[in-house]
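Student: Structure in structure tokens, see below.
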Amino acid sequence: MNKLKVIISLLLLTMNCLCMKAVETDSTLLHPSFGVEYTGEIQTDFKRVRQANLLHLSAEIPLSRALSFEVGSLSIHSFNKELVADDLQGYSNINADDLPFALTVAGFNWQINDHHSLFAGIRRTDEDYFCSDGVALFTNSSCGIFPTLSFNFPIATFPEAAWAIHYKYDTEPLCLQASLYNGAGNHRFSGRNNVFRFCPQSDGIFAIGQAEYRYRDSHYYLGASLHTEPDVRPSVWSYAEQALAPHLTLLAAYGHTFGRDNVCNNFYGLGAKYGIKNTEFGLFTDYTNIDDIHEWATELICSHQFTNYLAVTPVLHILHTDGDTKCIGMLRFDITF
């Protein structure tokens, strides 16, 4: 705990120094930005009730016109440790063990020019992949990252992070991303499994890349990854957000991991979302087979943005796992500054 306090104090001191440096460099051009995002959720199987909380803090501190320091953290707490459903894919993407403080981002971003950028430091996959407007509407964890990745590899995804190098090329019709991570993600500040660990010999390397093509209001994604430990196993995925009419979008997703000893080989998803003014409605159903257990998960969601700072989202999950059907109701509150 003393080591954790020292590390947090050093990070805060570094942020303060960088912030002062940024302001001194050019007060008219360089402005630090800070973000606070709180997500609270009430979950029920209509017999029991559980309450979960997630706090995400972030800051971007410019050091020059091209270079900035980025840092982010998350904190997780729930008042009832027992989940209201033992599903496979995770009906809520904020469910996790209690975590007082964990780094999600800590590194330097170089904006090479208008289209190219390069980041080096601590990072997690959630910052860049599977975070489009379509899949981000839903609370099912499989929409945050397909189980063909999260179940097969101990990668840096919520709530874990790892050393990474991330490159991005972004134009109006095309966005290309590629990243290299330490093969295992962590969230601790000390011990063998700390977030600063870089051991490709034992953890392997996780390489991931994705291409996004934009056409009018539609988006098409094609990605691939490679994990090198204990053996080399590639994965591929694709998903599309096809605009069918004003405010109506069709969603389709597929993921596959090659190899024989995978926990999850395939993932299929199909859904739609409809937006009107400050309200979005969504329906998404997916299927996967994890350790020879079949699961269908269907989510109905309605998200209303009451103000610039507050969104309220009622959700209904219908889970069919290994022949057993369950219904989960949730009410989510998002507060953003």
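Numbering of the sequence shown is given in the working numbering, commencing with residue 1 and proceeding in unit increments.
Using N, Cα and C, we set each Cβ at its ideal position, and we do this for glycine too.
Predicted model, so just to flag it, every value in this text is computed and none were measured.
What do you get for residue 322, buried or exposed, if any count of 16 or more other CB atoms within 10 angstroms of its CB means buried?
Tutor: Exposed, since its Cβ has fewer than 16 Cβ neighbours within 10 Å.
Student: Anyone know if the C-beta pair for residue 317 and residue 91 falls short of 8 Å?
Tutor: Yes, the Cβ-Cβ distance between residue 317 and residue 91 is below 8 Å.
Student: By alpha-carbon positions, which one of 60, 36, 213 and 52 ends up nearest to residue 30?
Tutor: The candidate whose alpha carbon is nearest that of residue 30 is 60.
Student: Look up residue 210 in the DSSP assignment and give the residues it is bridged to.
Tutor: According to DSSP, which records beta bridges pairwise, residue 210 is partnered with 177 and 223.
Student: Take the Cβ of residue 80 as the centre, count every other Cβ of all protein chains shown within 10 Å, and call the residue buried at 16 or more, exposed below.
Tutor: The residue in question, residue 80, is exposed, as its Cβ has fewer than 16 Cβ neighbours within 10 Å.
Student: Taking Cβ positions, are residue 42 and residue 300 nearer each other than 8 Å?
Tutor: Their beta carbons are not under 8 Å apart, which means residue 42 does not touch residue 300 by this criterion.
Student: Assign residue 136 to one of three DSSP states: helix, strand, or coil.
Tutor: DSSP places residue 136 in helix when its eight states are reduced to three.
Student: When the Cα of residue 159 is compared with those of 172, 184, 148 and 169, which residue comes out closest?
Tutor: For the residues 172, 184, 148 and 169, the minimum Cα distance to residue 159 belongs to 184.
Student: Give me, in chain order, the residues of the same chain whose beta-carbon lies closer than 8 Å to that of residue 66; leave out the 5 immediate sequence neighbours on both sides.
Tutor: If we look at residue 66 and ignore the five residues flanking it on each side, its Cβ neighbours are 110, 111 and 112.
Student: Quick test of your reading: residue 198 and residue 163, contact by CB under 8 Å. State the CB separation rounded to the nearest angstrom.
Tutor: Correct: roughly 5 Å between the Cβ atoms.
Student: Taking only three categories from DSSP, how would you classify residue 201?
Tutor: Helix at residue 201.
Student: Measure the alpha-carbon distance for residue 325 versus residue 216 and round it to whole angstroms.
Tutor: Their Cα atoms are separated by approximately 39 Å.
Student: Can you tell me whether residue 70 is buried or exposed? The criterion is at least 16 other CB atoms within 10 Å of its CB, across all chains shown.
Tutor: Buried, because 16 or more other Cβ atoms sit within 10 Å of the Cβ of residue 70.
Student: What would DSSP say about residue 24, mapped onto helix, strand or coil?
Tutor: Low confidence applies here, because residue 24 scores a pLDDT of 49, under 50, leaving its location unreliable; read the following figure in that light. Three-state result, residue 24: helix.
Student: Which residue's Cα is closest to the Cα of residue 126: 105, 115 and 118?
Tutor: The candidate whose alpha carbon is nearest that of residue 126 is 105.
Student: Run the proximity test for residue 69: is its beta-carbon closer than 7 Å to any non-hydrogen atom belonging to the ligand ZN?
Tutor: In the structure on display, the ligand ZN does not appear, and there are no ligands present to speak of.
Student: Please report how far the alpha carbon of residue 181 lies from the alpha carbon of residue 204, in whole angstroms.
Tutor: Rounded to the nearest angstrom, the two C-alpha atoms are 9 Å apart.
Student: Does the beta-carbon distance from residue 38 to residue 63 come in below 8 Å?
Tutor: Not in contact: residue 38 and residue 63 (Cβ atoms no closer than 8 Å).
Student: Whole angstroms is fine: what's the gap from residue 36's alpha carbon to residue 251's?
Tutor: Between residue 36 and residue 251, the C-alpha separation is close to 29 Å.
Student: Grouping DSSP H, G and I as helix and E and B as strand, with all else coil, what is residue 40?
Tutor: Looking at residue 40 - three-state DSSP - the assignment turns out to be strand.
Student: Give the straight-line distance between the Cα atoms of residue 249 and residue 166, rounded to the nearest whole angstrom.
Tutor: Going by the C-alpha atoms only, they are around 29 Å apart.
Student: Rounded to a whole number of angstroms, what is the C-alpha to C-alpha distance between residue 220 and residue 172?
Tutor: Their backbone Cα atoms lie some 13 Å apart in a straight line.
Student: Compute the distance between the beta-carbons of residue 296 and residue 279, then report whether it is under 8 Å.
Tutor: No, Cβ-Cβ distance for residue 296 and residue 279 is not below 8 Å.
Student: Can you tell me which of the three DSSP states residue 126 falls into?
Tutor: Note: residue 126 maps to helix in three-state DSSP.
Student: How would you call residue 168, buried or exposed, if buried means at least 16 neighbouring beta carbons within 10 angstroms?
Tutor: Buried: at least 16 other Cβ atoms inside 10 Å.
Student: What are the boundary residues of the alpha helix (DSSP H) that residue 171 is part of?
Tutor: Run containing residue 171: none; DSSP gives neither H nor E here.
Student: What span of residues does the alpha helix (DSSP H) with residue 131 cover, start to end?
Tutor: Where residue 131 is concerned, there is no enclosing alpha helix (DSSP H), given that its DSSP letter is neither H nor E.
Student: For residue 93, collect the residues of the same chain with a Cβ closer than 6 Å to its Cβ; drop the 5 residues on either side in sequence, then sort them by chain order.
Tutor: Only 139, 141 and 144 meet the Cβ criterion.
Student: Measuring only the C-alpha atoms, how far is residue 267 from residue 214?
Tutor: Approximately 24 Å between the Cα atoms of the pair.
Student: Return the CA-CA distance between residue 99 and residue 245, expressed in angstroms with no decimal places.
Tutor: Whole-angstrom Cα-Cα distance: 42 Å.
Student: Go ahead and pull the three-state DSSP assignment for residue 325.
Tutor: Residue 325: strand per DSSP, three-state reduction.
Student: Considering only C-alpha positions, which residue in the set 117, 313, 308 and 130 is nearest to residue 208?
Tutor: Considering only alpha carbons, the answer is 130.
Student: Taking the alpha carbon of residue 178 as the reference point, which residue from 154, 193, 124 and 147 has its own alpha carbon closest?
Tutor: Comparing Cα positions, the closest option is 124.
Student: Looking at the structure shown, is residue 32 part of a helix, part of a strand, or coil, going by DSSP?
Tutor: Correct three-state label for residue 32: coil.
Student: Between the C-alpha atoms of residue 312 and residue 231, what's the straight-line distance to the nearest angstrom?
Tutor: Distance between the alpha carbons of residue 312 and residue 231: 44 Å.
Student: Pick from 238, 49 and 191: whose alpha carbon is nearest that of residue 149?
Tutor: Ranking 238, 49 and 191 by Cα distance to residue 149 puts 238 first.
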